[in-house]
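Remarks on the structure that follows.
Number of protein chains: 2
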Amino acid sequence: MLDAAAVVAQLAAIVGEKYAFADPEAMAPYLVEWRGLYRGKALCVVRPGSVEEVSRVLTLANMQGRKVIPQGGNTGLVGAQVPHESGDEIVLSLNRMDRIREVDPLSDTMVVEAGVTLLRAQEAAEGADRLFPLSLASEGTCTIGGNLGSNAGGTAVLAYGNARDLVLGLEVVLADGRVWHGLGKLRKDNTGYDLKNLFIGAEGTLGVITAAVLKLFPRPRQMVTAMCGLPTPAAALSLLGRAKAVAGNNVTTFELVPRLGIEMSVNYMGCRDPLQGQHPWYALVELSSARDEGLEGALEEILGAAMEAGEVEDAVIATSLDQRNALWKLRETLSEAQGFEGGSVKHDIALPLACIPQFIEECNAALEQAMPGCRPLPFGHMGDGNLHYNVTQPVGMDKQAFLARWDELNRVVHGLTARYGGSISAEHGIGRLKRHLLAEVKDPVALEMMRAIKATLDPKGILNPGKVL
Amino acid sequence: MLDAAAVVAQLAAIVGEKYAFADPEAMAPYLVEWRGLYRGKALCVVRPGSVEEVSRVLTLANMQGRKVIPQGGNTGLVGAQVPHESGDEIVLSLNRMDRIREVDPLSDTMVVEAGVTLLRAQEAAEGADRLFPLSLASEGTCTIGGNLGSNAGGTAVLAYGNARDLVLGLEVVLADGRVWHGLGKLRKDNTGYDLKNLFIGAEGTLGVITAAVLKLFPRPRQMVTAMCGLPTPAAALSLLGRAKAVAGNNVTTFELVPRLGIEMSVNYMGCRDPLQGQHPWYALVELSSARDEGLEGALEEILGAAMEAGEVEDAVIATSLDQRNALWKLRETLSEAQGFEGGSVKHDIALPLACIPQFIEECNAALEQAMPGCRPLPFGHMGDGNLHYNVTQPVGMDKQAFLARWDELNRVVHGLTARYGGSISAEHGIGRLKRHLLAEVKDPVALEMMRAIKATLDPKGILNPGKVL
C-alpha cells in the first residue's frame, strides 16, 4: 500500500491539487455523521468535478484495491455515507458536481448532477413552472446523488412515489471506472433489463451515480389542508380510505401523529394545539391539484362523512398559508421535539396499510411489557404505510440507561414488523446502522441475489464496503 | 441428452401425467406466435400448477442444462414467448397458475398468479371497487406474468405508468429452482437492492415470475373524452402541455392519430369520421378523476385556450358512453385497419416529448426519400412519447416487394430514433424480433452489465436463450 501522501498526489493529478487532500481539518466535515452517531477516518478526500474525473478516480482505486465511500450532502441517517474507523478508505465527495445540465419543460424533465442539493433541484423546476415533488427535512443540504443512492422518501410519496419513481435516466460510474451513459429522457423504454433501479437505493455499493434525468410535474394550483382529531388508528385508516375514494391521487399527504407527539410539539417547539379538545390521534391530510377548483368541496365531503361515521371527532381546515404552515409545523418539528423528553429509540418501518391499527395495538402492548412506562410514538407517513415508530423513554428514567436498551426495543418492533410482512427500513436505508439486521428480515434468496450482483458489479468490493451487505 | 419421452416422464412425475406432453397436436398452440411470425418446435410442454412445481421443473432443467421458454398468454409481439425451431426447448406455460390469491382493498393491493389474464385481474379489482389500470388490446388473453415479463404499456401509462410501476412485490423462480419469496405489500421498502425491477421487463431471461402483488387505485368516478382536429404535431405537443398544466394527473389519455389513420378506420372498420371537416392530425384526449366534478370545465378550459391559439381547429366532446367508445374505436381499430391497405412495416419507438414534432417531420422526409410514395402512419401514445411509427406501403406497390424492404425502413426510423435519444422498443420488448438491433442502439456498458447479470442469475443460460441478449 502507498501512504496517504502518495495517494493524494495520484488523485490530485486527476482532480487538481485543491480537490484531493488528507489534511485532518479539511477532511473533518466529511468524516462525521451529522448527529455524531458515526465518526470515521479516511486516507483522504477526493472531490472530482466531472464524470470523467470520477471515472479516472475509480479506475485508479479499483486497480489498487482501495476502498471508496461515495458521499453527497452527508445527511444520511444510517451511516452509509461515512467512512469506517480504519482510516484506509477514500471519501469520494460528489459535491463539486453541482450543475443543472438542462431543464426541459416540454418533455417534463431535467438533468441534474449528483451534487445538486434537493432544494436547488426544486427551485430549478419551479423556475420552469414545474414541480419536482421530492421533499425532505434536509432538502437544503442533501443532494440528488444521495437522494437516489438512498431512494429517499419524504412527504410527497403518497402522490408521487419514492425517489426511484422520479427518475427516467442515470449516468453511473462503475467500480472499475466504466461509465454507463444512461441519461435517457424516455417515459417508456423496453430495450433490455432495468439497470437504473439497481443503482437507486443501493447506497453507493454498486456504482457512483453522477447525474440523473428527473421527472417534472405540473405545479399544484390548489391545496387544502386539514388536521383531524381521531379516536383510533382504525379511524385513521378509514379516513384514508375515504380520502382516496373521493379525491384519488389528489390526496398528497396523510400523516398520523399520536396525542403525545402533538403535546411535544406544543410544549417544546412553540406550536399551538390545533383543536380545542384533545384527541388520542391526529391526521394531517392535504389534497392538492393542478386544477384550481373543487378541492374544498372534496375535503368537506371526506370530513363530513368521516365525522358522521364517528371516525373524525373534530377537524380544522387551514384557511391561510400561515395556518397551513402551522399545521405542518406540528408534524415537522416532531423529530426535534422528542429530544426534549429524553432518549428516543428510532424505527423506520413500513407495513401493509390494512395491518396498521392492529400492529399499533400489539406493538404498544409488547413495548409496555418489555419496558413498563416507555412511551411509544408511532407517527409519520401513514398514507405510505410508513411509521417512524419511535419510543420515548419512561418519565424519570436515566437517559443512558434507556438508550442502552436500544437493541432490545428494536427487536420488539422489528420482530413484530417482520411477522406482519413489513420492512425494518421504509425510507432511510440500511447503511451501517441496520446491516446486522438484514439477515434476520430478508428472504435468503433475495440476500443471495444481492451478494451475487454486488460481486458481479464490484468484484473487488471497493465501493462502500461494509454498508448494506 | 434424453429423448423427449424420457423428459416428459420426468416432468410428469412433477406436474402430473396430464400436464407434461410432447404430442404435436397438444403442443401446437404453444409453438406458434399468434400472427404466425414465428413457428417454433419444442421437446415438450410442461404446465406446472404451483410455485413448488415450477421450482422442481427448473431444478431439473438446470441440472440437465435444458432450455426453458416461459410462456403466458402467448400474445407477445416480439417472439419472446415462442420456442426456436431447434426442437430441444421446453415450453414452460404458466397458464395453470391462475389463482387470485388475495384482494385487499384496505391496502389497495391484490396478489395474483402469473397465469391470471389481465381481464380477470381487472375484474377482480373492480369487484372490490378498485381500479387495476393496466389495459391492452390483448387483455382478454394476455396474462399478468407476460405483462410483467414484458413490462407492458398500453393505454393508461400516462397517468398510471408502465406495468413495472404497478407492482409492489414478486414471487420468482430462479433458473436453478431457488424461489425468491418477494410478495411484499409495501409502498416503501429500502432494505437492499431493488431486485423486482430486474425481473420485470426481462422477458423471462432472468427468472420465472409466478405471482405478483399489484397496486390498486380508486375507480374513476368521472371521465371526459374529446377528439381534436389539429394542424401539426407541434400543435399536439402544445395541447398536451396545456392539458397537463390545467388538469395535471387527471390527463389519462393523449393519443395522436394522423388523418391517414382516421381514414383507414373510417374506410375499413366501420368508424365514423369524428369531425365535420378533415384535419391533418387528431388527438384523442381523456381526463378522468376519482372526484366526481369539474372535469368538463377543465376540458373546456383546455380546448378553449387551444382553439384560441390556433392549435386545435375543431373538437368534439363525447356526451355519452357510446360516443366515447366510438371515439376510442377510431384509435383501437387502427392496427387492424392498416392491413386493408397492404403491407405495413411496424415500429414501436419512444422519444423525448419535446422532440416529437421535429422527429416526425424529419422521419417522414427520410422515409419518402428511401421509398417515394410510402405512407408513414405515426400514431399512438404521444402522452408517453411513444409512437407506433408504422409505414404503410405505397398505393399499388406489390405487398411482398414492399415487405422485403422491412429492414431498410427500420433502419431509417431506428437510426433517426437513436439520434434523438429515443428507444427502438418503447413497450413491446426485444424478444427475437429486435435482438440483432440491440448492439447498435444500446450503450455498450449497459449491454455489458446486462450480460454480466444474465450470467450471474442464469449461469447455464437455460432461461429463454437467444431472446433479448
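Chain order of the listed sequences is A and B.
Under our numbering, read the first sequence as residues 1062 to 1530, first letter to last.
Under our numbering, read the second sequence as residues 1062 to 1530, first letter to last.
Cβ atoms here follow ideal geometry from the backbone N, Cα and C, with glycine treated the same way.
In this text the structure is predicted, and so the values were computed from the model without any measurement.
Contact list for residue i against chain B, beta-carbon separation under 9 Å
i	result
glutamate 1324 of chain A	The premise fails here: glutamate 1324 of chain A is roughly 27 Å from chain B at the closest Cβ pair, so nothing lies under 9 Å.
Reduced DSSP category for residue i - H, G, I as helix; E, B as strand; rest coil
i	result
leucine 1360 of chain B	helix
serine 1486 of chain A	strand
tyrosine 1080 of chain B	helix
proline 1437 of chain A	strand
serine 1326 of chain A	helix
alanine 1051 of chain B	Limits of chain B in this structure are 1062 at one end and 1530 at the other, which puts residue 1051 of chain B out of reach.
valine 1502 of chain B	helix
valine 1177 of chain A	coil
serine 1396 of chain B	helix
valine 1107 of chain A	strand
aspartate 1375 of chain B	strand
proline 1085 of chain A	helix
leucine 1229 of chain B	strand
glycine 1133 of chain B	coil
serine 1405 of chain A	strand
arginine 1191 of chain A	strand
valine 1576 of chain B	Examination of residue 1576 of chain B is not possible in this model, given that chain B is present from 1062 through 1530 alone.
valine 1069 of chain A	helix
Beta-carbon separation (whole angstroms), residue i vs residue j, contact threshold 8 Å
i	j	result
leucine 1138 of chain B	histidine 1489 of chain B	4 Å
glycine 1134 of chain A	glycine 1207 of chain A	5 Å
lysine 1257 of chain A	aspartate 1445 of chain B	Rounded, the Cβ-Cβ distance is 17 Å, inconsistent with contact.
leucine 1470 of chain A	valine 1452 of chain A	5 Å
alanine 1376 of chain A	alanine 1308 of chain A	Contact flag wrong, Cβ pair sits at about 15 Å.
isoleucine 1417 of chain B	leucine 1298 of chain B	6 Å
Beta-bridge partners of residue i, as assigned by DSSP
i	result
asparagine 1447 of chain B	B:Ala1411
arginine 1100 of chain B	B:Val1093
leucine 1317 of chain A	A:Ala1344, A:Gly1441
arginine 1352 of chain A	Answer is none; arginine 1352 of chain A lacks a bridge partner.
lysine 1128 of chain A	A:Glu1150
glycine 1215 of chain B	B:Ser1196
valine 1312 of chain B	B:Leu1348
proline 1279 of chain B	B:Arg1191
Residue i, enclosing alpha helix (DSSP H) - first and last residue
i	result
glutamine 1125 of chain B	1112 to 1125
isoleucine 1270 of chain A	First-last for isoleucine 1270 of chain A: 1269 to 1276, but that is the beta strand (DSSP E), not the alpha helix (DSSP H).
arginine 1472 of chain B	1467 to 1480
aspartate 1519 of chain B	From DSSP, aspartate 1519 of chain B is part of no alpha helix (DSSP H); its letter is neither H nor E.
tyrosine 1221 of chain A	1218 to 1221
lysine 1305 of chain A	1294 to 1308
isoleucine 1421 of chain A	1417 to 1431
lysine 1528 of chain B	That residue, lysine 1528 of chain B, is in no alpha helix (DSSP H); it is neither H nor E in DSSP.
leucine 1197 of chain A	Note, leucine 1197 of chain A: premise wrong, no alpha helix (DSSP H); not H, not E.
leucine 1461 of chain B	Rather than leucine, the amino acid found at residue 1461 of chain B in this sequence is glutamine. Where glutamine 1461 of chain B is concerned, the enclosing alpha helix (DSSP H) stretches over 1460 to 1464.
leucine 1259 of chain B	1257 to 1260
glycine 1210 of chain B	1205 to 1210
Proximal chain B residues relative to residue i, where beta-carbon distance stays under 7 Å
i	result
glycine 1480 of chain A	According to the sequence shown, residue 1480 of chain A is arginine rather than glycine. Result: empty, since nearest Cβ-Cβ is about 13 Å, beyond 7 Å.
proline 1279 of chain A	Lys1305, Ala1306, Gly1309
aspartate 1445 of chain A	Arg1248, Lys1249
histidine 1489 of chain A	Asn1251
isoleucine 1378 of chain A	Going along chain B, no residue has its Cβ under 7 Å from isoleucine 1378 of chain A, so there is no contact; the nearest lies around 17 Å.
threonine 1517 of chain A	Ala1513, Ile1514, Thr1517
asparagine 1451 of chain A	The contacting residues do not exist; asparagine 1451 of chain A stays about 17 Å from chain B at best.
glycine 1214 of chain A	Lys1249
Interface partners of residue i on chain B, CB under 8 Å
i	result
serine 1484 of chain A	Gly1245, Leu1247, Lys1249, Asp1250, Asn1251, Thr1252
glutamate 1354 of chain A	Gly1355, Gly1358
tryptophan 1241 of chain A	Asp1504, Val1506, Ala1507, Met1510
alanine 1351 of chain A	Lys1305, Ala1306, Val1307, Ala1308, Gly1309, Asn1310, Asn1311
Delimiting residues of the beta strand (DSSP E) encompassing residue i
i	result
glycine 1243 of chain A	1240 to 1243
lysine 1495 of chain A	Unbroken run through lysine 1495 of chain A: none, as it is neither H nor E.
arginine 1556 of chain B	No information on residue 1556 of chain B is available, as it lies outside the stretch 1062 to 1530 that chain B covers here.
glycine 1290 of chain A	1283 to 1291
Within chain A, the residues that residue i reaches when beta carbons sit closer than 8 Å
i	result
isoleucine 1363 of chain B	Here the premise fails: no neighbours, minimum Cβ distance about 11 Å.
alanine 1296 of chain B	Ordered by position in chain A, no residue passes the 8 Å Cβ test against alanine 1296 of chain B, which lies about 13 Å from the chain.
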